[in-house]
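Going down the list, the sequences are from chains A and B.
With our numbering, the residue at position 165 of the first sequence is 165, and numbering never jumps.
With our numbering, the residue at position 133 of the second sequence is 301, and numbering never jumps.
In this text, a Cβ means the ideal position worked out from N, Cα and C, and glycines have one as well.
To start, the structure itself, in structure tokens.
Protein chains: 2
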Amino acid sequence: MRNYSVYDRAMASLPNEPTMTAWHTFLQAHARLIERLEAELQLECGLPLSWYDVLVQLSEAPASRLRMTDLAGAVLLSKSGLTRLIDRMNADGLVQRCPDPGDKRGTFVQLTSAGLARLRDAAPIHLRGVQEHFGAQLSAADALAIASALQKVVAGLSGPPAHDFIDP
Amino acid sequence: MRNYSVYDRAMASLPNEPTMTAWHTFLQAHARLIERLEAELQLECGLPLSWYDVLVQLSEAPASRLRMTDLAGAVLLSKSGLTRLIDRMNADGLVQRCPDPGDKRGTFVQLTSAGLARLRDAAPIHLRGVQEHFGAQLSAADALAIASALQKVVAGLSGPPAHDFIDP
DNA sequence: CCAAACTCGTTGTATGTGCAACTAATGTAC
DNA sequence: GTACATTAGTTGCACATACAACGAGTTTGG
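Below you can see the structure in the form of structure tokens.
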């Protein structure tokens with residue numbers, strides 16, 4: 001039997017079978033859920049999920065406004081991506097840009113009353129979809145298990161940024 | 169107290185709090201995991217995840233080849249998206265198009281030896297990332313719970329296509 | 001058979017996204 | 001206080017993706 005010494009060390013840290021099953025199911029569930037929720041929200045409200053996310057974040061923020069950078073972090077978008085998204089939503093009247101008096105570099109994104117109205121239309125539809133396609137399929141124990149397990153995954157990702165460093 | 173009769177019926181099917189916690193954690197975990205795995209694979213192999221997915225699907229297919237439509241389904245991409253992706257991978261020599269002798273409309277995408285070599289480089293890196301960032305954070309029970317719970321979600325999405333139908 | 005309906009894959013076009021470079025404003029060190 | 005570094009947001013550019021329309025080939029119903 002040949003001895004793949006370097007490869008064997010790599011193999012020792014490769015995923016086992018239940019892990020890969022969970023991983024594939026996780027990917028598939030995400031892809032199908034997002035596809036379905038996006039389609040339903042678009043069909044019934046004419047609203048993309050990315051717009052909905054912005055409206056939710058703003059509505060939950062103090063004074064219904066956030067700085068561009070904070071909003072970009074909240075909706076998991078790059079700065080340039082958010083600039084263009086806010087351009088579009090602003091053109092539709094759902095948000096507006098306001099200068100930050102305390103920092104002349106900064107810009108607040110402010111939810112407008114039209115934006116709030118749009119969110120009130122969309123929220124029941126989106127939440128019904130989350131319940132129907134996600135929540136309704138899960139027992140109470142399932143929901144708690146998913147939350148606690150994936151919370152550990154998220155926590156693990158917060159720490160080590162990358163593999164870029166050679167031991168000094 | 170006012171009676172929002174229609175809204176109350178809607179409220180009755182809205183997600184409860186554990187469901188929303190699981191949902192938010194699920195979204196956050198997915199976004200961060202994909203971001204990290206994409207960055208690591210790109211940095212260490214110069215390979216996008218979408219290319220990796222294609223190589224994996226082809227390598228697992230009989231004769232290392234698949235029809236365009238089948239491959240598009242497997243990697244969750246539209247037909248036009250796959251056409252352009254295969255253009256790029258073909259230009260890099262990782263796959264090639266072959267006519268299907270049995271159906272002159274059809275095109276097989278065939279894994280090349282260069283593509284297989286590239287996959288052999290990339291697989292340990294990607295799988296190490298899955299183990300490190302996902303598998304290693306989970307107990308055996310966690311992995312089984314995620315797989316079984318999300319499998320139910322996937323199954324629920326396979327059936328009802330949309331809300332387009334009014335009761336006939 | 002043949003015409004209509006369908007399927008396969010590609011193309012034109014529009015949209016969305018990130019990276020790098022840029023401007024403007026702020027913070028820091030001396 | 002002045003220079004250097006840092007941060008906030010926008011823009012040019014390239015790339016990736018979806019939708020609709022299309023041409024070529026196949027299947028189906030009569």
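Let me know the secondary structure DSSP gives residue i once reduced to three states.
i: THR275/B; result: strand
i: LEU318/B; result: helix
i: LEU82/A; result: helix
i: PRO99/A; result: strand
i: ALA234/B; result: Note on identity: in this sequence residue 234/B is Leu, with Ala being the wrong assignment. It is a strand residue.
i: PHE302/B; result: coil
i: PRO48/A; result: coil
i: VAL174/B; result: Low per-residue confidence applies at VAL174/B: pLDDT is 44, beneath 50, and the placement is therefore not dependable enough to give any value.
i: PRO124/A; result: helix
i: PRO15/A; result: coil
i: VAL75/A; result: coil
i: ASP260/B; result: coil
i: ALA61/A; result: coil
i: SER158/A; result: helix
i: SER113/A; result: helix
i: MET188/B; result: helix
Have a look at residue i and residue j and give me their C-alpha separation to the nearest angstrom.
i: ASN16/A; j: HIS301/B; result: 14 Å
i: LEU244/B; j: ALA31/A; result: 8 Å
i: ILE34/A; j: THR280/B; result: 33 Å
i: LEU284/B; j: ARG256/B; result: 16 Å
i: SER227/B; j: GLY156/A; result: 31 Å
i: CYS213/B; j: ALA290/B; result: 6 Å
i: GLY230/B; j: ASP142/A; result: Sequence check: residue 230/B is Pro here, not Gly. Approximately 37 Å between the Cα atoms of the pair.
i: SER326/B; j: THR187/B; result: 21 Å
i: PRO168/A; j: GLN299/B; result: Summary for PRO168/A: the model assigns pLDDT 29, below 50, so the residue's position carries little reliability; its value from the coordinates is reported in the next sentence. Cα-Cα distance, rounded: 25 Å.
i: LEU239/B; j: VAL222/B; result: 7 Å
i: ARG97/A; j: SER218/B; result: 36 Å
i: ARG120/A; j: LEU41/A; result: 13 Å
i: ALA259/B; j: LEU215/B; result: 14 Å
i: SER204/B; j: GLY270/B; result: A quick correction: the sequence has Arg, not Ser, at residue 204/B. Going by the C-alpha atoms only, they are around 42 Å apart.
i: THR189/B; j: GLY73/A; result: 19 Å
i: ILE125/A; j: LEU195/B; result: 18 Å
i: GLN305/B; j: LYS152/A; result: 6 Å
i: ARG273/B; j: GLY261/B; result: 23 Å
i: THR251/B; j: SER64/A; result: 43 Å
i: LEU144/A; j: SER80/A; result: 36 Å
i: GLN278/B; j: SER246/B; result: 19 Å
i: ILE146/A; j: ASP268/B; result: 44 Å
Under 8 Å, Cβ to Cβ, is there at least one residue of chain B near residue i?
i: PRO18/A; result: yes
i: VAL154/A; result: yes
i: GLY106/A; result: no
i: VAL54/A; result: no
i: THR21/A; result: yes
i: SER5/A; result: Note on SER5/A: pLDDT 42, under 50, position unreliable in the model; the coordinate value appears next. SER5/A does not count as touching chain B.
i: ALA10/A; result: The predicted position of ALA10/A is uncertain, since its pLDDT is 48 and thus under 50; no value can be drawn from it.
Residue i touches chain A at which residues, Cβ-Cβ below 7 Å?
i: TRP219/B; result: Per Cβ cutoff of 7 Å: no residues; TRP219/B is ~16 Å from chain A at best.
i: GLN196/B; result: VAL154
Chain B partners of residue i, CB-CB under 9 Å?
i: THR25/A; result: ILE314, ALA315, SER316, ALA317, LEU318, GLN319, VAL321 and VAL322
i: ALA31/A; result: LEU244
Residues of chain B with CB closer than 8 Å to the CB of residue i, please, in chain order.
i: HIS15/A; result: It should be noted that the sequence gives Pro, not His, for residue 15/A. LEU295, VAL298, GLN299, PHE302 and GLY303, listed in chain order.
i: LEU138/A; result: THR187, ALA190, ALA317, LYS320 and VAL321
So, is the C-beta of residue i closer than 8 Å to a C-beta in chain A?
i: ALA242/B; result: no
i: ASP310/B; result: yes
i: LEU239/B; result: no
i: LEU325/B; result: yes
Starting from the beta carbon of residue i, find every residue of chain B whose beta carbon is closer than 7 Å, and list them in chain order.
i: ALA61/A; result: None at all; the shortest Cβ gap to chain B is about 16 Å.
Using a beta-carbon distance cut-off of less than 9 Å, what residues from the segment 245–260 of chain B approach chain A?
Residues: none.
Residues in the segment 201–219 of chain B with C-beta within 9 Å of chain A's C-beta atoms, listed in sequence order?
Cβ contacts with chain A: LEU201, ILE202, GLU203, ARG204, ALA207, GLU208, LEU211 and GLU212.
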